[in-house]
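Colleague: Let me begin by handing over the structure; questions about it come next.
The structure is reproduced here in C-alpha cells:
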C-alpha cells in the first residue's frame, strides 16, 4: 500500500510539472518577477546587492513555489479537474504531498536559476554548504505547503492568484529582505515573526553573510514547523472541499 | 439463500435482491445533505456481481449525489456503503483501485494530451507499463480516435472528451464501473459503440455496471435491473418486467394531429399523457375511455387527426407514470 502511495504522489508531481511548468502565471510570478527584482537592485544599488542576495533568493523560492502550486490548484479547481484525485487510490495526505512536492521542486529550480544569474552579476560567498542546502530544501518545502494551503483556502479558485499576491507582496517588505527586522516598527516586527519568509531570509543571511538575527537552528525549526503545519492543514482542506 | 421483500413509500413490492456472497455493492440508509438541502434521503439497495444496474430519476433527483457517495467523491451524511464487502470510507484506497468512475462532466487535465491523460490514469492505478500503450491505443482505435492521441484534451470536441473520459475509467480494468450519464452528447453511432463495449464488459468480463442515464432506450437495452429515485427517495427497485407489472392494464394510444398540441388544454381531458410536437401519447387501462376522451378533445378544440395508433408500454412512459404516482 505504501508503495502505491509513493507511486501516486510521484505521478501527481510529475504531471503537475509537465502541465504547469510553462504556464504564464508560473513563469511570470515564479521566475521573471524575482529575476527582475535582482536586476533592478544590482543596477540601482550594486554596492549593497551582495547583502541582499540571500533575501532575494529566498523571495524567489517563495514566489516560485507558491506560483507553481497556486497555478496548478487554481486551474484544476476552476475546471473541476481536481475531482480526479478523489477517484485515485491515494490518501488525502498523498494528494497534498503530490501538490507540495511539485511546488518544492519548482522552488529549488527557481533558486538555482537565481543563484546562476547572481554568480555572473554579484560578488558573494557561501559560508556553509550544509546550511545552504538546508535553507533551500526547508524554504522550498515550507513555501510550497503554504502555497498549497492558501490555494485550497479560497472559495473561488479563479481568485487564488489575486489573493496570493495580496499576501505575498506585503510579506516581501516585512520579512527582512530590504529592511532589517530590528528596524521595523513594533507592529510590523510582530507581523514579521508570523511570516515564514522571515525565517528563510534569516537562514539566507547565515548562509551568505554568516550572521543571523533569529538564529539559524531556530529559523530552521520554525520554517520546518510552518511547512508541516501547512501540509497537514492542506490535507484537511482537500478532504473538506470534496464536499 | 434468503429473499428479502421490501416495501417503499408508495407501496410497491421491492425485491431488493438476495443475501448471498455475490452482493458487490450494498448501500444502507444512504443520506446526503448539502447544508439544509436533503439531496438523498435514506436510500438502500444492493447490487449483485455482474448486474447492469440502471439508476433513473429526473434532474435534481439525487442520482449524481448517490454516485458520488458510492465512489467516495463526496462525503456521506448518514448511512453506509460497502463495496466488495469493504467500507467505502474506511477502505477507500482498496475500493478505488478496483472501481472505475465516469463523472457527469468530462474532466481530464486540459493541458495534457489524450495519451498523457490516459497514461496518468494508468500509472496512478499501477497498470503494467508494458501493456499501457497497447491498451490505450486499442481503446482509441475502437472509437476512431487514434489520430487524437497527441491532441490536447482541451482541443477535443465534447463527444471526443466524453469518450476519452470513458476510456480513462476503463484503463485499469475495474471490477465495478460507475457511469454518470456517460453517453450524454454523443451521436448515435458512437453511443452504439459505447453500448457494445459496456455489454461486452458486463457479459464477458463480468464487470458490474452502475449506470445513470437520461436515455430510456439505453437503460432498456443495457440494464437487467433498474432503480428510480425521485426527490432523493428510492421509489422503485427491480427489473423492467416488474415495473410493467405495476401498471398491468396500461395501454398507450398515440394520436398525431395536424397542428401543435396545447398541453394545458390536453390536461383537461387526460390524466396520463405526453406531447411530442403534433403527437399526443395517452396512457390508461381503458381504451374505450381514452378514445372517447380523444373524440371530445378533438371536437371541442376543432382539431384534425392525422393518424392514431396503439403502442406498447415503453420504459419512459412507465417512468413518467411512476413519478406522477409518487407526486400524489
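Protein chains in written order, with the working numbering: chain E, 24 to 266; chain C, 7 to 334.
Here a beta-carbon is modelled for each residue, glycine too, at the ideal position from N, C-alpha and C.
Pick from 302(C), 258(C), 136(C), 127(C): whose alpha carbon is nearest that of residue 316(C)?
Modeller: Stepping through the second chain from its first residue, residue 316(C) is reached at position 310. Answer by Cα proximity: 258(C).
Colleague: Quick one: is residue 100(E) near chain C, going by C-beta distance under 9 Å?
Modeller: Counting from 1 along the first chain, the entry for residue 100(E) is found at position 77. False, the Cβ-Cβ gap to chain C never drops below 9 Å.
Colleague: Would you list, in chain order, the members of the segment 67-95 of chain C that have their beta-carbon closer than 9 Å to a beta-carbon of chain E?
Modeller: Within the segment 67-95 of chain C, the qualifying residues are 74, 77, 78, 79, 80, 81.
Colleague: Is it buried or exposed for residue 251(E), if we count other Cβ within 10 angstroms and need 16 for buried?
Modeller: Along the first chain, read from residue 1 onward, the residue named residue 251(E) stands at position 228. Its Cβ having fewer than 16 others within 10 Å, residue 251(E) is exposed.
Colleague: Of all the CB atoms in chain E, is at least one closer than 9 Å to the CB of residue 122(C)?
Modeller: On the second chain, residue 122(C) is found 116 positions in, with the first residue counted as 1. Yes, residue 122(C) counts as interfacial toward chain E.
Colleague: Since I believe residue 38(E) is in contact with residue 126(C) (beta carbons under 8 Å), could you give me their beta-carbon distance rounded to a whole number of angstroms?
Modeller: By 1-based counting over the second chain, the position of residue 126(C) is 120. By 1-based counting over the first chain, the position of residue 38(E) is 15. Their Cβ separation, rounded to whole angstroms, is 5 Å, which keeps residue 126(C) and residue 38(E) in contact under 8 Å.
Colleague: Just curious, the alpha helix (DSSP H) that residue 254(E) is in, first and last residue?
Modeller: The residue given as residue 254(E) occupies position 231 in the first chain. Residue 254(E) -> alpha helix (DSSP H) spans 239-265.
Colleague: Within the 9 Å Cβ cut-off, does residue 129(C) reach chain E?
Modeller: One-based indexing of the second chain puts residue 129(C) at position 123. It does: the Cβ of residue 129(C) has a partner Cβ on chain E nearer than 9 Å.
Colleague: Give the secondary structure of residue 150(E) by DSSP, where H, G and I count as helix, E and B as strand, and everything else as coil.
Modeller: Indexing the first chain from 1 puts residue 150(E) at position 127. In the structure shown, residue 150(E) sits in coil (DSSP, three-state: anything other than H, G, I, E or B).
Colleague: Helix, strand or coil for residue 213(C)? Go by DSSP, reduced to three states.
Modeller: Here residue 213(C) refers to the residue found at position 207 when the second chain is read from its first residue. If DSSP states are grouped into helix, strand and coil, residue 213(C) belongs with coil.
Colleague: How about residue 123(E): is its C-beta nearer than 9 Å to some C-beta of chain C?
Modeller: Taking the first chain and counting its residues from 1, one reaches residue 123(E) at position 100. Judged by the 9 Å Cβ criterion, residue 123(E) is not in contact with chain C.
Colleague: Report buried or exposed for residue 23(C), applying the criterion of at least 16 other Cβ atoms within 10 angstroms of its Cβ.
Modeller: The count along the second chain starts at 1 and reaches residue 23(C) at position 17. In this predicted model, residue 23(C) has a pLDDT of only 39, less than 50, meaning its place in the structure is not dependable; the value taken from the coordinates is given anyway. So residue 23(C) ends up on the buried side.
Colleague: In three-state DSSP terms, what is residue 231(C)?
Modeller: Along the second chain, one-based indexing puts residue 231(C) at 225. In this structure, residue 231(C) counts as strand in the three-state DSSP scheme.
Colleague: According to the Cβ coordinates, are residue 229(E) and residue 218(E) closer than 9 Å?
Modeller: By one-based count along the first chain, residue 229(E) stands at place 206. By one-based count along the first chain, residue 218(E) stands at place 195. Cβ atoms of residue 229(E) and residue 218(E): not closer than 9 Å.
Colleague: Judging by CA-CA distance, which residue of 126(E), 98(E), 97(E) is the nearest neighbour of residue 166(E)?
Modeller: As a working note, residue 166(E) is residue 143 in the first chain. Looking at the Cα atoms, 126(E) is the closest of the given residues.
Colleague: Run the CB neighbour count on residue 266(E), radius 10 Å, all protein chains shown included, and call it buried at 16 or more, exposed below.
Modeller: As a position in the first chain, residue 266(E) is number 243, starting the count at 1. Per the 10 Å Cβ criterion, exposed.
Colleague: Please classify residue 67(C): does DSSP put it in a helix, a strand, or coil?
Modeller: Looking up residue 67(C) in the second chain gives position 61. In the structure shown, residue 67(C) sits in coil (DSSP, three-state: anything other than H, G, I, E or B).
Colleague: For residue 265(E), go through chain C and note every residue whose CB falls closer than 8 Å to its CB, in chain order.
Modeller: Looking up residue 265(E) in the first chain gives position 242. The contacting residues are 79, 80, 81.
Colleague: Sort 53(C), 41(C), 48(C) by Cα distance to residue 30(C) and report the nearest one.
Modeller: As a position in the second chain, residue 30(C) is number 24, starting the count at 1. The option with the nearest alpha carbon to residue 30(C) is 53(C).
Colleague: For the candidate residues 57(C), 100(C), 103(C), 36(C), whose alpha-carbon lies nearest to that of residue 74(C)?
Modeller: By one-based count along the second chain, residue 74(C) stands at place 68. The candidate whose alpha carbon is nearest that of residue 74(C) is 36(C).
Colleague: For chain E, find out if any of its Cβ atoms is closer than 9 Å to the Cβ of residue 111(C); answer yes or no.
Modeller: As a working mapping, residue 111(C) is identified with position 105 in the second chain. Chain E, which has a Cβ nearer than 9 Å to the Cβ of residue 111(C), makes this yes.
Colleague: Have a look at the DSSP bridge pairing and note the partners of residue 288(C).
Modeller: Here the question's residue 288(C) lines up with position 282 in the second chain. 259(C), 279(C).
Colleague: When you compare only the Cα positions, how much space is there between residue 33(C) and residue 291(C)?
Modeller: Position 27 of the second chain, counting from 1, holds the residue named residue 33(C). Position 285 of the second chain, counting from 1, holds the residue named residue 291(C). Answer to the nearest angstrom: the Cα atoms are 36 Å apart.
Colleague: Show which residues of chain E have a CB atom less than 8 Å away from the CB atom of residue 118(C).
Modeller: Mapped onto the second chain, residue 118(C) falls at position 112. Per Cβ cutoff of 8 Å: 38, 41, 42.
Colleague: Confirm, please, whether the CB-CB distance from residue 112(C) to residue 171(C) is below 9 Å.
Modeller: The count along the second chain starts at 1 and reaches residue 171(C) at position 165. The count along the second chain starts at 1 and reaches residue 112(C) at position 106. In contact: residue 171(C) and residue 112(C) (Cβ atoms closer than 9 Å).
Colleague: Could you please tell me which residues of the segment 276-287 of chain C, in chain order, have their CB closer than 9 Å to any CB of chain E?
Modeller: Answer in chain order: no residues at all.
Colleague: If you run the structure through DSSP and keep just helix, strand and coil, what is residue 186(E)?
Modeller: Within the first chain, numbered from 1, the residue matching residue 186(E) stands at position 163. Looking at residue 186(E) - three-state DSSP - the assignment turns out to be helix.
Colleague: By alpha-carbon positions, which one of 58(C), 79(C), 91(C) ends up nearest to residue 111(E)?
Modeller: Locating residue 111(E) in the first chain gives position 88, where the first residue counts as 1. Closest by alpha carbon: 79(C).
Colleague: Just to confirm my understanding: we take residue 60(C), look at its own chain, exclude 5 residues before and 5 after, and list those with CB closer than 6 Å. What are they?
Modeller: As a first step, residue 60(C) must be located in the second chain, where it is residue number 54. Answer for residue 60(C): 217, 225, 229, 232, listed in chain order.
Colleague: Roughly how far, in whole angstroms, is the beta-carbon of residue 134(E) from the beta-carbon of residue 159(E), given that I think they are within contact range, below 8 Å?
Modeller: Reading the first chain from its first residue, position 111 is the one you call residue 134(E). Reading the first chain from its first residue, position 136 is the one you call residue 159(E). Their Cβ separation, rounded to whole angstroms, is 5 Å, which keeps residue 134(E) and residue 159(E) in contact under 8 Å.
Colleague: When DSSP labels each residue in this structure, what does residue 253(C) get in the three-state scheme?
Modeller: Counting from one through the second chain, the residue named residue 253(C) turns up at place 247. The answer is coil: DSSP assigns residue 253(C) none of H, G, I, E or B.
Colleague: Residues in its own chain within less than 7 Å of residue 90(E) by CB, not counting five upstream and five downstream?
Modeller: By one-based count along the first chain, residue 90(E) stands at place 67. Hits under 7 Å: 48, 49, 52, 53.
Colleague: Secondary structure at residue 335(C), three-state DSSP: helix, strand or coil?
Modeller: Nothing in the structure corresponds to residue 335(C), since chain C is present only between 7 and 334.
Colleague: Give a yes or no on whether 9 Å exceeds the smallest Cβ distance from residue 200(C) to chain E.
Modeller: For the purposes of this step, residue 200(C) is taken as the residue at position 194 of the second chain. It does not: the Cβ of residue 200(C) has no partner Cβ on chain E nearer than 9 Å.
Colleague: Residue 188(C) and residue 105(C) - do their beta-carbons sit closer together than 9 Å?
Modeller: Residue 105(C) sits at position 99 when you count from the first residue of the second chain. Residue 188(C) sits at position 182 when you count from the first residue of the second chain. Cβ atoms of residue 105(C) and residue 188(C): not closer than 9 Å.
Colleague: Exposed or buried, residue 168(C), counting other C-beta atoms within 10 Å across all chains shown (16 or more means buried)?
Modeller: Looking up residue 168(C) in the second chain gives position 162. Buried.
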